[in-house]
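Going by full-length UniProt numbering, the sequence shown opens with residue 1, and the numbers climb by one from there.
Structure first, then comments.
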Amino acid sequence: MVLYTSPFPNSFLSVLHSFSWGLIFPCYWLADRLVGSFVPTTYEKRQRADDPCYFHALCIIITTPIYLALLVASLPFALIGFLLWSPLQSARRPYIYSRLQDKSHASGAALLTEWKAAGSGKSFCFGSANVCLLPDSLARFNNVFNTQARAKEIGRRIRNGASRPQIKIYIDSPTNTSISAASFSSLVSPQGGDNTNRAVSAGIKRTTSMEYKGDNSGSNNSEDREDKGGSGEPNEGEENTCIVRINGEDNGHMSDTETDTANGQAHASGPAEPSLEGDAEISKTPNHKQKEGDSGSLDSYSASRESLVKVRVGDGTVDQSTVNNKLLYKASIMKKTSVRKKKHTDETFDHEISAFFPANLDFLCLQEVFDKRAAEKLKEQLHHYFEYIVYDVGVYSCHSCCSFKFVNSGLLFASRYPVMDAAYHCYPNGRGMDSLASKGALFLKVQVGSTPQDQRIVGYISCTHLQAIAGDTTVRCEQLDMLQDWLSEFRKSTSSSSTANPEELVAFDVICGDLNFDNCSSEDKLEQQHSLFTHYKDPCRVGPGEDKPWAIGTLLDPDGLYDEEVCTPDNLQKVLESEEGRKGYLVYPTSKNHSSSQKGRKASLKGNGRRIDYMLYTEEGLYLEWKVEVEEFSFITQLAGLTDHLPVAMRLMVSTGEDDP
């Protein structure tokens, strides 16, 4: 299948389309600005409340007649442009495929060779988010604004979160679990000066061994040390990971490590907690070259670019304040113990509310990227990390759908692995406002490796966005039926294998997206019992009408987006970790017996909010000798203040056994 790298089959149609849109755009922009000036967000209302001179009201009085006059003047040109633009959509392709042209930053081909080195298996990380990149006037009805700036910042945060090193802490001692379950910390970049790294290493060597592998500088500032076996050892081929293994066999002591950051990051351990027994081994393998603009703040405009790291060893203290100007990585910490003290002891995988996107994010599915200019800005930012991107997905005008479509599907897909095939289908049964957008499903086939016998290892990913209007349960169920049928057809049409001669081995099949129903509302019972959930597994779900206790809602209360308690990733993370915090800032199912005010009915709320953003996976149709398991699941707060949804992420482990097939 040919991947479309341009929206039209020839340059003449592309030029004609650009000309027609150029005639339409002034009218579109003026109407957007005019409507937007009368729909303020809560953030703007608070700013204007402190304006004693009513400056904004004066600006509206002056600019409104100007906008109206210009809008009327642009209407004839917009009409001519529309008459040219509309018939051109019949020749338009359903998506645009973009591949990073800078070969120095391209890494997709190199990733394909890692499967052979992975030994018993390899993990893949998937992310999904509804980013609400509508035209600015429409986005304001969701209490977000400045779509163009938000698009750039969303892309920057995602790539910075995904490209950071990953830290995993494994505690073998069942008697000591004093490391706090913080979801993030700071790690001194190995790219700093030799003297700096030697000073840190020298202070830590009394109890630990530190090793940086694959450093661009080529320096190794600590003893070379390799792990041979051991329980809980991570798989080979896991990139960009800093692993801390703490054994409880020695009588040595490791003191606490404090990480104090200017924007209030969590500590790896509290200063009053007892020291850990055993040795710790740390190894770090960078995954990406440090790119310009990738360092520094990962979560907000105002966060500091410097951190203070202190390492206490015995009676001495190594103060790292002398290297404040060195850029620090922020990395996620995952704690595993041989006897793990979990609130939900029956869970087989890690789960958390994280302030960052997972390190080594492999695939990203976004919804509501409706604005074309915002999509371009977002794509440019994501290309700093993802080599392959499919965007501007959907159809316009009356092409291939029953009703007229003013905007595309809003779907965007980004991948570190090569895309082999792609297909899009539009849901023909949209109703109300949703019928104006070409909501549908995007299906992708990616190559993630090859076997020693040169068999391709592939995976399937589907990204979708269902009907949003409450009460349209029948419409959503019909769309889920179509989703399954289209996916089955896509897999058959793109498969080059047979049972007798498998040229391809399927490693995973994942569905991501905003399904616009939750698993606990009584109004969504029909969707909860859909056959999709018999073929695909939801890691957050126990059964129809019941979520796992740790699962939380992904739909934020728009009125509280700019409250100080939740306007930063760190603050939102802390709020969502408490039940009372979730009641104040997540949307809960509506109740006819209580007040419709979100905060006024706190006492009556049950559950953890409406979880409408899903990540599903299946074990059906995969290579028979392989096993797929969830390794981690995260609810992410890194886009706090930028969208009214919580992104979600899932890491799957594909286990192949000791030998490759």
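For each residue, glycine too, the CB sits at the ideal point set by N, CA and C.
Assign residue i to one of three DSSP states: helix, strand, or coil.
i	result
G316	For G316, the predicted model reports a pLDDT of 43, less than 50, meaning its position is unreliable; a value from the coordinates is still stated below. Looking at G316 - three-state DSSP - the assignment turns out to be strand.
N571	helix
V39	coil
V15	helix
I154	helix
Q447	strand
T348	coil
A117	With a pLDDT of only 46 at A117, under the threshold of 50, the placement of this residue in the model should not be trusted, and no figure is reported.
D518	coil
K330	The predicted model places K330 with a pLDDT of 41, which falls under 50 and marks its position as unreliable; any figure quoted below should be read in that light. Strand.
C398	coil
K122	strand
R99	strand
V542	strand
E211	Note that E211 has pLDDT 34, beneath the 50 cutoff, so the model's placement of it is unreliable and the number below is only indicative. The answer is strand: DSSP assigns E211 an E or B state.
D644	coil
F145	coil
G430	coil
V654	strand
A359	coil
F25	helix
N130	strand
F404	coil
E620	coil
S435	helix
Can you tell me the Cα-Cα spacing of residue i and residue j, whole angstroms?
i	j	result
L71	G607	48 Å
Y28	E44	23 Å
I469	R431	8 Å
S496	E631	30 Å
R340	D350	Confidence is the limiting factor: at R340 the pLDDT is only 35, short of 50, which leaves the residue's position unreliable and the question unanswerable from this model.
G471	I612	14 Å
N142	A73	30 Å
N220	F357	Note that N220 has pLDDT 37, beneath the 50 cutoff, so the model's placement of it is unreliable and no number is given.
F404	I62	35 Å
Y424	F413	12 Å
N160	E565	23 Å
E580	T568	18 Å
D434	Q101	36 Å
V475	A551	26 Å
K126	S137	Lys is not the amino acid found at residue 126; the sequence shown has Phe there. Whole-angstrom Cα-Cα distance: 31 Å.
H465	T451	35 Å
D421	E347	35 Å
residue 668	Y427	Examination of residue 668 is not possible in this model, given that the chain is present from 1 through 661 alone.
residue 723	G641	Outside the modelled stretch of the chain, which goes from 1 to 661, sits residue 723, for which no answer is possible.
A359	A374	25 Å
P40	Q447	46 Å
E273	F490	Any answer about E273 is weak, because its pLDDT of 37 lies below 50 and its placement is not dependable; what the coordinates show is given next. Rounded to whole angstroms, E273 to F490 spans 55 Å at the Cα level.
V654	E629	7 Å
Could you check how far apart the C-beta atoms of residue i and residue j are, in whole angstroms? I think they sit under 8 Å.
i	j	result
L555	G609	7 Å
P647	S128	7 Å
A151	L515	With 8 Å as the limit, A151 and L515 do not qualify as a contact, their Cβ atoms being about 23 Å apart.
Y585	G560	5 Å
residue 678	F406	Limits of the chain in this structure are 1 at one end and 661 at the other, which puts residue 678 out of reach.
What residue does the alpha helix (DSSP H) around residue i start on, and which one ends it?
i	result
G581	E579 to Y585
G491	Residue identity differs from the one stated: residue 491 is Arg in this sequence, not Gly. T473 to T494 is the span of the alpha helix (DSSP H), which, as asked, contains R491.
V72	F55 to L88
S137	D136 to A139
E527	K525 to Q528
L616	Taken as a continuous stretch (DSSP letters only), L616 belongs to no alpha helix (DSSP H), being part of the beta strand (DSSP E) at D613 to Y617.
T534	L532 to H535
First and last residue of the beta strand (DSSP E) that includes residue i?
i	result
C365	F363 to V369
H425	V419 to C426
K379	From DSSP, K379 is part of no beta strand (DSSP E) but of the alpha helix (DSSP H) over K372 to L382.
T554	No beta strand (DSSP E) contains T554, which DSSP labels as neither H nor E.
F635	K627 to I636
L412	L412 to S415
Y460	R456 to H465
Y385	Note, Y385: premise wrong, no beta strand (DSSP E); not H, not E.
Is residue i near the ligand PLP, judged by its Cβ being under 6 Å from some heavy atom?
i	result
R373	Ligands in the displayed structure: none, and consequently the ligand PLP is not present.
Is residue i close to chain D, meaning its C-beta is less than 7 Å from at least one C-beta of that chain?
i	result
N571	Among the chains of the structure shown, chain D does not appear; only one protein chain is present.
Three-pair Cβ contact test at 8 Å for the segment 54-72 versus the segment 144-161 = no
query = Counting pairs of beta carbons, one from the segment 517-531 and one from the segment 567-577, are three or more of them closer than 8 Å?
reply = no
key: Cβ pair count under 8 Å reaching 3, the segment 506-518 against the segment 461-475   = yes
task = Count the C-beta pairs between the segment 363-370 and the segment 79-97 that are closer than 8 Å, then say yes if the count reaches three, no if not.
result = no
inquiry  = Any contact between the segment 391-400 and the segment 433-440? By contact I mean 3 or more CB pairs, one from each, below 8 Å.
reply    = yes
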